[in-house]
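All remarks here apply to the structure that follows.
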Amino acid sequence: MFAPASLTQSPWSLVIAGLAVTAFVQLLEWAFERHEGWRMNGREFATDVFYVVLGYTAIGWLVEVAGDGPLFALKESLGIATPWAGELPFLVQVVMVMVLFEFGQYWMHRLMHNSTPFWLTHAPHHHVTQLNAMKGYVGNPIELFLIGLSVLAFFDFDAVAVFCAFNVLGVVSTYAHANVRSNPPAFYSFFFTTIRHHSLHHSTDYESTRCNYANSLILLDRLMGTYREGEATVVGQDDLRRLTIREQFLFPFQPVIDRLRSTTKTTKASTGQP
Numbered sequence: 229m230f231a232p233a234s235l236t237q238s239p240w241s242l243v244i245a246g247l248a249v250t251a252f253v254q255l256l257e258w259a260f261e262r263h264e265g266w267r268m269n270g271r272e273f274a275t276d277v278f279y280v281v282l283g284y285t286a287i288g289w290l291v292e293v294a295g296d297g298p299l300f301a302l303k304e305s306l307g308i309a310t311p312w313a314g315e316l317p318f319l320v321q322v323v324m325v326m327v328l329f330e331f332g333q334y335w336m337h338r339l340m341h342n343s344t345p346f347w348l349t350h351a352p353h354h355h356v357t358q359l360n361a362m363k364g365y366v367g368n369p370i371e372l373f374l375i376g377l378s379v380l381a382f383f384d385f386d387a388v389a390v391f392c393a394f395n396v397l398g399v400v401s402t403y404a405h406a407n408v409r410s411n412p413p414a415f416y417s418f419f420f421t422t423i424r425h426h427s428l429h430h431s432t433d434y435e436s437t438r439c440n441y442a443n444s445l446i447l448l449d450r451l452m453g454t455y456r457e458g459e460a461t462v463v464g465q466d467d468l469r470r471l472t473i474r475e476q477f478l479f480p481f482q483p484v485i486d487r488l489r490s491t492t493k494t495t496k497a498s499t500g501q502p
């Protein structure tokens, strides 16, 4: 709130803050491990780092160019102006940004669990076999793009309030994926998503994943009737095997790939080809 504009309005500030939070929570995992089965190895760490870099580069650029950019252009062409948003008290703006962004994420996430085409983009994120500070970045690029969309471009919030809101959401989301042996007080877990809530969402059977959709504001699940209490110590899908980066990227197209392979084999068999 009191930081200089050169810091809060710099596009690098959110990146640096996000990386600092992730690194700090990663250190806490090594010092205060929650589940031994979630302990990270070198290969897992390298994969997660790849997705962190992907999120801050290609995915971030795509969301800005194909998501926020067109919405802002539409807002300008329609003559929509919301100067009142930037005149609200600072903390009110922060809360509004958080709720608006999370509300969109909640419904997109819920759609991904209730529609097969969208689930195919989201399923790679549920094939992770452990939860760690960087796991929120892991997933198919299509899903990562879709989950990053929002309607914030329609509102003229103060840039500092947006900066603050995204930092708060980032911290909550990082802890919600972290293998840290710590449980926040009841008042915190009533409003914000915790590792208990999110680990249950990563349960090993598909039906059990259809709860606790909110990435940071579990209050939305409480209001929408999708909240479930509990914690899962084993996470993953199908055979509980971690997918490679290649498999994660190709996952949404796998049914089509399998169908084409089956058709090719059938054609070769009918024509006597090897």
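Adding 228 to a residue's 1-based position in the sequence shown gives its number in our numbering. Ideal Cβ positions, reconstructed from N, Cα and C, are used throughout, including at glycine.
Tell me the rounded alpha-carbon separation between PHE300 and PHE382. Their backbone Cα atoms lie some 6 Å apart in a straight line.
To which residues does DSSP link VAL408 through a beta bridge? DSSP output for VAL408 lists GLU261 as bridge partner(s).
My understanding is that GLU257 touches ALA389, with C-beta atoms under 8 Å, so please give their C-beta distance in whole angstroms. With a Cβ gap of about 31 Å, GLU257 and ALA389 do not count as contacting.
Buried or exposed: which applies to TRP335, given that a residue is buried once 16 or more other Cβ atoms fall within 10 Å of its Cβ? It is exposed - the Cβ of TRP335 has fewer than 16 other Cβ atoms within 10 Å.
Going by C-alpha to C-alpha distance, which of VAL281, PHE252, MET324 sits closest to TRP312? With distances taken between CA atoms, TRP312 lies nearest to MET324 out of VAL281, PHE252, MET324.
Could you compute how far the alpha carbon of ILE308 sits from the alpha carbon of SER490? Cα to Cα, ILE308 sits roughly 52 Å from SER490.
For ARG438, which residues from the same chain have a beta carbon less than 6 Å from its beta carbon, with the 5 sequence-adjacent residues on both sides left out? Excluding positions up to five away in sequence, the list reads HIS341.
Taking the continuous alpha helix (DSSP H) assigned at TRP289, which residues delimit it? Per DSSP, TRP289 belongs to the alpha helix (DSSP H) from 288 to 291.
Under three-state DSSP, which class holds ILE308? The three-state secondary structure of ILE308, taken from DSSP, is coil.
Give, in chain order, every unbroken run of the alpha helix (DSSP H) that is at least 4 residues long and sits entirely within the region 363 to 447. List check, alpha helix (DSSP H) in window: 369 to 375, 387 to 404, 414 to 419, 423 to 429.
Is GLY314 closer than 8 Å to LEU377 when the C-beta atoms are compared? No, Cβ-Cβ distance for LEU377 and GLY314 is not below 8 Å.
Outcome for PRO480 when other beta-carbon atoms lying within 10 angstroms are tallied against a minimum of 16: Looking at its Cβ environment, which holds 16 or more other Cβ atoms inside 10 Å, PRO480 is buried.
Extent of the continuous alpha helix (DSSP H) run through TRP335: TRP335 -> alpha helix (DSSP H) spans 318 to 340.
Please say whether TRP266 and GLN358 have beta carbons closer to each other than 8 Å? The Cβ atoms of GLN358 and TRP266 sit closer than 8 Å to each other.
Three-state secondary structure (DSSP) at LEU282? Helix at LEU282.
In three-state DSSP terms, what is MET268? Under the three-state reduction of DSSP output, MET268 falls in the coil class, being neither helix nor strand.
Helix, strand or coil at GLY297 according to DSSP, with G and I counted as helix: Note: GLY297 maps to helix in three-state DSSP.
For TRP289, the nearest candidate out of LEU372, TYR434, SER417, ASP486 (CA to CA): With distances taken between Cα atoms, TRP289 lies closest to LEU372.
Quick check on GLY464: does DSSP put it in helix, strand or coil? Residue state for GLY464 is assigned as coil, using DSSP reduced to three classes.
Pairwise C-alpha distance: HIS430 and ASP467: Cα-Cα distance, rounded: 14 Å.
Could you check the C-alpha separation between PHE252 and VAL281 for me, to the nearest Å? Cα to Cα, PHE252 sits roughly 17 Å from VAL281.
With a CB to CB cut of under 6 Å and the five nearest residues on each side skipped, what residues in its chain are close to ASP276? Excluding the 5 residues flanking it on each side, ASP276 has same chain C-beta neighbours closer than 6 Å at MET362, in chain order.
Grab me the residues of HIS426's own chain with a C-beta within less than 6 Å of its C-beta, minus the 5 sequence neighbours each way, in chain order. Closer than 6 Å at Cβ, skipping near neighbours: ALA404.
Same chain, Cβ closer than 8 Å to ASN269, five either side skipped, listed in chain order: Listed in chain order, the non-local C-beta contacts of ASN269 below 8 Å within the same chain number zero, local neighbours out to five positions each way being set aside.
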